[in-house]
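Protein chains in written order, with my numbering: chain L, 1 to 434; chain S, 435 to 868; chain G, 869 to 1302; chain U, 1303 to 1736. Glycine is no exception: its CB is placed at the ideal position from the N, C-alpha and C atoms. Take a look at the structure below.
There are 4 protein chains.
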Amino acid sequence: MILRYSRPEMVNIWSAATKFRIWYEIEAHACDAMADLGVIPRENAEAVWKAKDVEFDVARIDEIEAVTKHDVIAFLTHLAEHIGSDEARFVHQGMTSSDVLDTCFNVQLTRAADILIADVEALLAALKRRALEHKDTVRIGRSHGIHAEPTTMGLTFARFYAEMDRNLARLRVARDEIATGAISGAVGTFANIDPAIEEHVCEKLGLKPEPISTQVIPRDRHAAFFACLGVVGSSIENIATEIRHMQRTEVLEAEEFFSAGQKGSSAMPHKRNPVLTENLTGLARLCRMSVVPAMENVALWHERDISHSSVERNIGPDTTVTLDFALSRLTGVIDKLVIYPDNMLANMNKFRGLVMSQRVLLALTQAGVSREDSYKLVQRNAMKVWEEGKDFKTELLADEDVLKSLSPEEIEEKFDLGYHTKHVDTIFKRVFGD
Amino acid sequence: MILRYSRPEMVNIWSAATKFRIWYEIEAHACDAMADLGVIPRENAEAVWKAKDVEFDVARIDEIEAVTKHDVIAFLTHLAEHIGSDEARFVHQGMTSSDVLDTCFNVQLTRAADILIADVEALLAALKRRALEHKDTVRIGRSHGIHAEPTTMGLTFARFYAEMDRNLARLRVARDEIATGAISGAVGTFANIDPAIEEHVCEKLGLKPEPISTQVIPRDRHAAFFACLGVVGSSIENIATEIRHMQRTEVLEAEEFFSAGQKGSSAMPHKRNPVLTENLTGLARLCRMSVVPAMENVALWHERDISHSSVERNIGPDTTVTLDFALSRLTGVIDKLVIYPDNMLANMNKFRGLVMSQRVLLALTQAGVSREDSYKLVQRNAMKVWEEGKDFKTELLADEDVLKSLSPEEIEEKFDLGYHTKHVDTIFKRVFGD
Amino acid sequence: MILRYSRPEMVNIWSAATKFRIWYEIEAHACDAMADLGVIPRENAEAVWKAKDVEFDVARIDEIEAVTKHDVIAFLTHLAEHIGSDEARFVHQGMTSSDVLDTCFNVQLTRAADILIADVEALLAALKRRALEHKDTVRIGRSHGIHAEPTTMGLTFARFYAEMDRNLARLRVARDEIATGAISGAVGTFANIDPAIEEHVCEKLGLKPEPISTQVIPRDRHAAFFACLGVVGSSIENIATEIRHMQRTEVLEAEEFFSAGQKGSSAMPHKRNPVLTENLTGLARLCRMSVVPAMENVALWHERDISHSSVERNIGPDTTVTLDFALSRLTGVIDKLVIYPDNMLANMNKFRGLVMSQRVLLALTQAGVSREDSYKLVQRNAMKVWEEGKDFKTELLADEDVLKSLSPEEIEEKFDLGYHTKHVDTIFKRVFGD
Amino acid sequence: MILRYSRPEMVNIWSAATKFRIWYEIEAHACDAMADLGVIPRENAEAVWKAKDVEFDVARIDEIEAVTKHDVIAFLTHLAEHIGSDEARFVHQGMTSSDVLDTCFNVQLTRAADILIADVEALLAALKRRALEHKDTVRIGRSHGIHAEPTTMGLTFARFYAEMDRNLARLRVARDEIATGAISGAVGTFANIDPAIEEHVCEKLGLKPEPISTQVIPRDRHAAFFACLGVVGSSIENIATEIRHMQRTEVLEAEEFFSAGQKGSSAMPHKRNPVLTENLTGLARLCRMSVVPAMENVALWHERDISHSSVERNIGPDTTVTLDFALSRLTGVIDKLVIYPDNMLANMNKFRGLVMSQRVLLALTQAGVSREDSYKLVQRNAMKVWEEGKDFKTELLADEDVLKSLSPEEIEEKFDLGYHTKHVDTIFKRVFGD
């Protein structure tokens, strides 16, 4: 985790304090369920809740762990310091450390997913606002980096919206997939602990019981979860790449917001670097890099081995923190992105109407000119634009052979931008609904 | 694609013949829709269907492409050879090559997903059958490769079932996500083609219209698709790894089926290698390797670039073909897997009852012995088993200090396997339903 | 392997015919060595060479394999058909299939590396030629896609040269690493075959004996090999990305060569897409994707398992074929890349001298103006350029406050491009030597 | 970076204090070189060294950065607080931040590589010691997890030694590749800074000048560096996997050292989990995951963009720290690995001589029995071993048909382990030299 690319709420999910708090809740709820089953005395279960407002002392737990060499035992020992050794003696009965650790990890991932979902919702709001704002702001569409046909900036925002909306759905699925808990004992047979306890704890923590576990929760769930984050990261890169292109000196159709106070801006006004979106491009790579190890974690040996653990200690916090930060940063970028409609028009006209050459070609064909002749007519005028800097429409209007087949009004119409934007409403309806 | 790891039905999806057939359907349906809109004459639309039973001549199309240097044009030229130049002149009007290529690719991926879904269903049937068959076949559960507590072979199959059942759900989501088509023109504005055409073609092909496209269908869909295949592949590795472990010489709890005729079997009866599951382990790596490039494909430049294309020409066929083959091979392995219940029991008893030491420890504590004393009692008997090859239960039954707290019947009970299997039904109900 | 992205020489390395030829050579040389040791009769060893000009019949071998279910046995059976059963009876004695397969694979990889090395050498020649040609062709250097300071096109080519020259060195190391053979028997102990045989065969095939093998050659060698190919692929992406940027409509400092005959060029002269470099970007992803599975192949179980095999059947041919094609394609692109020096100058002057603002700022400071005042002086002139379209130098020459500290000559000098190119020779000497 | 998987020396390389120290040295040496060239006054250069024993105040620099929003400027400001504003005014003249940052990063990576090299050397020493110790400790070699032919534990250690020795060579190459520095200005043209300064600074820092840079040092160097770490990580996984297999309950040929004090050991003596090597398996995945993003970092836009930076802030420390820890942990594991030669023999004899069946088969053939008959002879005896638990050698010695072709002495000889170890010395000589 890189602190400069993090936000406190997500970081907090992964703090030792939060972890111990979740452990505590798992143990306390488990005691309640055991008391319900008559497995342990009710008063012992109730005693555990005496610590319900305690902020556990992480340093003290670490101190105990230094002796016991076992994190869960250290926590239980510390818990006993709060509620009394005697009262605490049934805590964790019949459970394994993994029951606590795995359930806790999934609680953390579920909470992380909730934040990421909120992040994407905020991003969607920004994208929608900017899409509506620039619904009719015409700019040139580019395939292969080369001018193709006109589109609008609103459509650009709208497609990012649609993509992020799919990511929202994916995140929700991923969240539900990871929202399971397991308290099933050493190899998942519930030999020493009744399934009712798992059910109770899961219900209290907002999880579903893992249908079948083996000390550990199966890691295909986590693989799918991190794969989802990798896809979201890739979509961030997609948007970031568009903005980086738009901010290039020669294009300059948009700029990341650059606050007045930022030094250097006015002595080198051309030198405003799209550093946020470049940063997002790098963060996307970081999000993606956890996907394969998460998949490699699936094939644990027999009922479980511990190889996944070190991987998850890293990618659990790092990937969620990075993605949260990236989504939030991207929302800020979109929110304040400075759009230059004039430059969009200027760029579109860089080759003085040539982008319309295909429409003219088609019109000539439809007017009955042979494909070959149409091509020659367009070509000879196009070359004058390309080589001599002429204006395409002007040349066409002066070309008598063209005028034999197309009236000046028809030629004018071929350069009407409305032709290209006539279905924007339809598309917006598809993307944003009515 | 490696032919020896492929099956014809999936390979066929990716054949040139299939591709041209799909292209044909897209074009023919598009013509229908254009005729409906009055954009082209009805008879021209109808004429296209004259080719509906034609098997297109791939070699001929290649020949034309060698001249035109353009695959879609080559196909259209060949189509005209079948239906007549004049009749064909409105085919593809207003469309771009990508409209055809991208929609076709998604048709192929959707069909591939359908096969993979059927594959997983077949695998599930095999897993369920074997789970029920071995529901009560006791074997030792292992954490870290070390004996832990008893479980059953049925639970092992059941957890693979549950995992593959999740994969089934994931594949269905992935299939639906990829089942979109786009016929939206050069930059996705429908400038030259009415959205109704896209809707008609998609409906006929079983696709949904892509809400917003930009000549290409957005590649986050494909990233999610291939990520899903990577997860499924990882689950295959998980199952394969279990079987490889079970077949190890020292474990020998199961063997891949080895047909009588396979040479070498009887002169070296110990030398039956789990080559199918080892192969599956490798195939899983191949499935996984397409995930990152599919994600790298998301960030195309502006409305589209062509960098994704070469990647998809590879991973489209290769990953689906490999996964199809792997699922099918795994189903065969599961179906015929030879299980050795006697070896399972022998393995479990390798250390003569020691795996029950924890139950005994717990029983002593519950009988009022202090934790420390309980530990010492268990330890001194355990060491006799470990170092002198004694039997754990026998030693306990002969230990007077133990007998002070536990009756012989109580000791016997601690070695009852039923204790460990008492919740198998509950778990089976969770996994397989009632 | 995608045939359209392949070249015959590399494809041929991976053909069945080549493979059998290499197997033959391994077996024949091994027989010679066995005869030298007196382990088999000299005449049997000599008899094997009777087949030295035979082109083995792949279909026939496949036919035999369909029966024997074993590729090496099928080959040996076919070999016996050529040289006689009796003469052939000592062939392969004491050897395992892996001795043949692994040694053959490394021969193939070594030959593939030789082609790749030659590819990079050809690319280097092209890069060097273009670097020298455009050593002094000034263009703007860009950081973050934003104009920074002038550089030259020659320097751009030179840095690609330096990068590819490092790749050449890496490929040579990778080639040497992979150029080992092993004929060491079932678990690598030489129990049934003398080490002298391995030494002889390796020497004849241009390999070094693997110091210690275990039926298989250790896979860290292959991991390092494919990692190297992944780095080379990434460098290809680096160069391709630069060209794609240069060819963008708004930049247009270079174009992939577009042959006169390629249709559509002159009617839409602006629409020349950098499809080759976009394709190279995708091919780079394909090269990279084999790196992780090659690394996952390293941890085989005990002396060997077969999980690596399916991976290598794919990435062996696919990655080398793809990289060979990509390098060759890139060489063609570089060789014929159309450079537009005028556009480079026009781009550089897009903001009428503003890129020199930092030099002016520095000059003012050095002339004794305080940092703050210098900044204000530059700023007020810069803003006139940025907002009103004025020329920076003209404004400075008309600013009396500036003129108090800098003479007109000094101001002129700040706009001298020679300032930026004065060390080009030094850099070229570093890169290309004297 | 996960603190529990880290060692202080490597962590320290990545501390803010170390970073500022390196920045200081770069700036101070650069001043010296500028003074040598007469570009700045000698006394100003000398003044910088006044801070040579200063421990820079990281909190203070952070404080300044909070205002300036620029890390290098914040550092320079703080430096001026130590040496005086006036004395400091020429520091960093003509340099860019990247000159400092990139050179510093490579210094850090070079130092990290030095530690990793020392780590591998320590591991090699441990492997060699154990290899010599167990040179003749016979164990069964396994292919596919199945018993094949005898080998020795020394050979196992020796092959890990050979693999790690290759990694040592790779690390040395990677270290040399990354040991470059660049002080070449905004786009690498040395427009504002003489190449002599770069040469001087690099020499002082133990680096080579980057032949051609573009504000940044080209990232193919870093890609190759992290690829190398990924290979080393994979080799760690290879060794770890072997040990995990050896420690399995059913195999038990080795155990990670388990200190007497570790709780739970003696009450469940069978339950000693190979947690260190499982952990190493996970750490290997973490090492590997940085390879692809490092490769994705190569294709920066034009002279540079900043997308690589966030990636490197993560993988720079994380991967080197993880690999250092993993190598050190592995060395500890190897050093103290408890080997059980008796279990090795017991395992080898699990099928009472059957592993020798192939030698017997060969001997029969060589004694003139037809291949078919030999096979039948071996088979009928093998099946008695397999199915009835007989001893293979005993059966052979009692089989009159076998005795017709092989004398009892010859049969005995087939079971002589010396046959399998006769070339161990040769192999050791290859691996360890004389």
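Your pair D970(G) and I1085(G) checks out as a contact, with CB atoms roughly 5 Å apart and the cut at 8 Å. The beta carbon of A1332(U) sits closer than 6 Å to those of I1499, V1503, all from its chain and outside the five residues before and after it, given in chain order. For I146(L), there is no enclosing alpha helix (DSSP H); the enclosing beta strand (DSSP E) covers residues 146-152.
The segment 1412-1432 of chain U makes contact with the segment 1446-1464 of chain U: 3 or more CB pairs, one atom from each, lie closer than 8 Å. For T281(L), the nearest CB of chain U lies under 9 Å from its own CB, placing it at the interface with that chain. For I1442(U), the enclosing beta strand (DSSP E) starts and ends at 1440-1445. Separation of the CB atoms of D324(L) and D119(L) is rounded to 6 Å, and the pair is thereby assigned contact status at 8 Å. Relative to the Cα of A1050(G), the nearest Cα in the group I985(G), R1112(G), D1004(G), G962(G) belongs to G962(G). Collapsing the DSSP output to three states places T715(S) in a helix. I1315(U) sits in a helix when the DSSP states are folded into three classes.
Three or more Cβ pairs closer than 8 Å define a contact, and the segment 1037-1055 of chain G falls short of that threshold against the segment 1542-1553 of chain U. Of all residues in the segment 1170-1184 of chain G, only D1173, I1174, S1175, H1176, S1177, S1178, V1179, R1181, N1182 place a beta-carbon less than 7 Å from a beta-carbon of chain S. Between the alpha carbons of I985(G) and F1094(G) lies a gap of roughly 14 Å. Counting only residues of its own chain and dropping the five nearest sequence neighbours on each side, A191(L) has a CB closer than 6 Å to the CB of G185. Only exposed fits D1284(G), as fewer than 16 other CB atoms lie within 10 angstroms of its CB. Excluding residues up to 5 positions away in sequence, H1449 lie with their Cβ nearer than 6 Å to the Cβ of V1657(U) in the same chain. Counting only Cβ-Cβ distances below 7 Å, E1146(G) has contacts in chain S at D739, I740, S741, in chain order. Taking the CA atoms as reference points, V1292(G) sits about 33 Å from E387(L).
Under DSSP, the beta-bridge partners assigned to G1049(G) are P1077(G). Contact annotation: L109(L) and L327(L) have beta-carbon atoms that are not nearer than 9 Å. Cβ-Cβ distances below 7 Å link V1393(U) to E1329, C1333, V1350, L1378, L1381 in the same chain, with the five nearest sequence neighbours on each side left out; the list follows chain order.
Around L663(S), the same chain offers C721, T753, L757 as residues with beta carbons nearer than 6 Å, after the five sequence neighbours per side are excluded.
In the DSSP assignment, K1204(G) falls within the unbroken alpha helix (DSSP H) covering 1175-1204.
Taking the beta carbon of Y1721(U) as reference, the chain G residues within 7 Å of it are A1059, listed in sequence order. Among the residues facing chain L, L1554(U) is not included, as its CB has no counterpart in that chain under 9 Å away. The beta-bridge partner set that DSSP reports for T1516(U) consists of V1518(U). Residue-level contact by beta carbon holds for I574(S) and chain U, with a gap shorter than 9 Å. Shown here, R738(S) sits in a strand according to DSSP, grouped into three states. By the rule that beta-carbons nearer than 9 Å mark a contact, N1141(G) touches chain L. The beta carbon of M10(L) sits closer than 7 Å to the beta carbons of A112, I115, T320, V321, D324 from its chain, once the five residues preceding and following it are set aside; these are given in chain order.
A distance of 9 Å or more separates the beta carbons of L837(S) and A797(S).
In this structure the segment 664-678 of chain S touches the segment 593-602 of chain S; the number of beta carbon pairs closer than 8 Å is three or more.
Leaving aside the five residues that flank R875(G) on each side, the residues in its chain whose CB is nearer than 7 Å to its CB run, in chain order, D1192, F1193, S1196. Put simply, the CB of E1164(G) is near chain L, with a gap under 9 Å to one of its CB atoms. Taking the CA atoms as reference points, F351(L) sits about 10 Å from P1137(G). Cβ-Cβ distances below 6 Å link A16(L) to V58 in the same chain, with the five nearest sequence neighbours on each side left out; the list follows chain order.
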